[in-house]
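Protein chains in written order, with the numbering used here: chain A, 60 to 253; chain B, 60 to 253. Glycine included, C-beta positions come from ideal geometry on N, C-alpha and C. Predicted model only: the values in this text are computed from it and were never measured. Report on one structure; see the data block that follows.
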């Protein structure tokens, strides 16, 4: 998606060690019109899937998931990282390692909002190691629901997430794929472009 | 706002002690079309203010703030509760007590995204005690920026937030005001309606 690629080149920063700083337009300051355009693009890509609900992880998945849900007219559920007082005692919970954060993160969904046999589209900001998305899929499976597609804004192809997730045998689409962040550069690939 | 009021009556739950469970449509499962309608309504209310940016607090303020920003074509910044690796060492930080969570929460904004003399519109999900919004205003003031308006989805008028925030002398608008949650009921008031 050219618009997102140009935004990354203009406002993203390669901090080294594979860390891409996108907090000028995705995960601290957010560009709502860009997120709207990304949601529209995900809706175009996934309009044929039988998705009944979108699942994402707080916090930075919320913006693209919400915009996609607005276009597809689907409810969005975001997995919580801490359990609020309004959540029932019995919840679906899993643990996903976060290599950018350097520790494990809990992903929690209330059984009220992840139903047996529901068809789920996952939308998130990054596909890197795939650990967070694999965690979301574990929650979907334990709920007896079914993942029907995965969409992410930015894939870092050199971190192996696509390989990890390939065993689930569902379509995986990223709006932008980065093949290398060596030597302070950001190199894109269109290998997986839709 | 009738649409939001009807949604609260249909899908909200009074858990007692002033806690309103809205995680079916705002803060766990999100209704994107409802949030879009709320954003449109905030845009109508605040289109005359000189706002250059929207500030909210993660997590549940993000959806209404994003939709408002989409209509007003303004960037949205959400104050983080933990400092990510992509944030610089020197940040604006304050502490706000959360009575529903029963502990203090940090609110952190990078100086990159809150500029001197910038005019800021605050959008959040709840106006209850006003503690979170007062925290956001402290961040705005320490950055040398200026708050020009406050909009919240749901005000609980019996928790005193409007009185606390009145000293800042900016327009405060809530899409729905709840005057009482006694005896398991949810009573609305149109006293502050726009």
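Enumerate in chain order the residues of its own chain whose CB-to-CB distance from residue 154(B) is below 8 Å, with the five nearest sequence positions on each side excluded. 163, 164, 165, 166, 194
Determine the chain A residues that contact residue 172(B) at a beta-carbon separation under 8 Å, and present them in chain order. Neighbours of residue 172(B) on chain A, chain order: 82, 83, 87, 88.
Taking the beta strand (DSSP E) that residue 84(B) falls in, what are its first and last residues? Neither: residue 84(B) is in no beta strand (DSSP E) and is coded neither H nor E.
Taking only beta-carbon positions, decide if residue 116(A) is within less than 7 Å of chain B. no
Please state if the CB of residue 171(B) and the CB of residue 204(B) are separated by a distance shorter than 7 Å. no
Contact set for residue 95(A): own chain, Cβ-Cβ below 6 Å, skip 5 residues either direction: 126
Alpha-carbon spacing of residue 75(B) relative to residue 243(B), whole angstroms: 6 Å
Taking the beta carbon of residue 123(B) as the centre, do at least 16 other beta carbons fall within 10 Å, making it buried, or is it exposed? buried
Using a beta-carbon distance below 7 Å, is residue 211(A) in contact with chain B? no
Quick test of your reading: residue 108(B) and residue 220(B), contact by CB under 8 Å. State the CB separation rounded to the nearest angstrom. Going by Cβ atoms, the distance from residue 108(B) to residue 220(B) rounds to 20 Å, so no, they are not a contact pair.
Cβ pair residue 64(A), residue 235(A) closer than 7 Å: yes
Contacts of residue 78(A) in chain B (Cβ-Cβ under 7 Å): 144, 145
Spatially closest choice to residue 78(A) from 223(A), 228(A), 230(A), 215(A), by CA coordinates: 215(A)
C-beta neighbour in chain B for residue 190(A), strict 7 Å: no
Residue 118(B) and residue 117(A) closer than 7 Å at C-beta: In contact: residue 118(B) and residue 117(A) (Cβ atoms closer than 7 Å).
C-alpha distance - residue 168(A) paired with residue 202(A), whole-angstrom precision: Residue 168(A) and residue 202(A) have their C-alpha atoms some 10 Å from each other.
Simplified DSSP assignment, three categories, for residue 312(A): Residue coverage of chain A in this structure runs from 60 to 253, which leaves residue 312(A) outside it and unanswerable.
Should residue 218(A) and residue 238(A) be called a contact, given that it needs their Cβ atoms to be closer than 7 Å? no
Chain B partners of residue 125(A), CB-CB under 7 Å? 89, 91, 94, 122, 125
For the alpha helix (DSSP H) that contains residue 70(A), what are its first and last residues? 61 to 70
Excluding the five sequence neighbours on either side, which residues of its own chain have a C-beta within less than 8 Å of the C-beta of residue 14(A), listed in chain order? No answer is possible for residue 14(A): the residues shown for chain A start at 60 and end at 253.
Whole angstroms are fine: how far does the CA of residue 82(A) sit from the CA of residue 142(B)? 12 Å
Look at the Cβ atom of residue 157(B), then the Cβ atom of residue 186(B), and state whether they are nearer than 7 Å. no
Helix or strand or just coil, what does DSSP make of residue 153(B)? Under the three-state reduction of DSSP output, residue 153(B) falls in the strand class.
Along chain B, in chain order, which residues have C-beta atoms closer than 9 Å to that of residue 169(A)? 82, 87, 88
Cutting at 6 Å between CB atoms, please list the residues of its own chain near residue 134(B), excluding the five before and the five after it. 112
Terminal residues of the beta strand (DSSP E) in which residue 127(A) lies: Per DSSP, residue 127(A) belongs to no beta strand (DSSP E); it is in the alpha helix (DSSP H), 121 to 131.
Of all the options 192(B), 69(B), 225(B), 246(B), which has the alpha carbon lying nearest to the alpha carbon of residue 138(B)? The candidate whose alpha carbon is nearest that of residue 138(B) is 192(B).
Within the 7 Å Cβ cut-off, does residue 156(B) reach chain A? no
Alpha carbon of residue 301(A) to alpha carbon of residue 147(B), nearest angstrom: The structure shown has nothing for residue 301(A), since chain A only spans 60 to 253.
Distance cutoff 7 Å, beta carbons only. Does residue 128(A) sit that close to anything in chain B? It does; some Cβ of chain B falls within 7 Å.
Quick one: which chain A residues come within Cβ less than 7 Å of residue 151(B)? Near residue 151(B) there are no residues of chain A at all, since even the closest Cβ is about 12 Å away, more than 7 Å.
Between which residues of its own chain and residue 130(A) is the CB-CB distance below 7 Å, once the five residues before and five after are set aside? 98, 99, 102
At least one CB of chain A closer than 7 Å to the CB of residue 136(B): is that the case? yes
Could you tell me the alpha carbon to alpha carbon distance between residue 182(B) and residue 61(B), rounded to whole angstroms? 19 Å
Do you know offhand how far residue 105(A)'s Cα is from residue 226(A)'s? 20 Å
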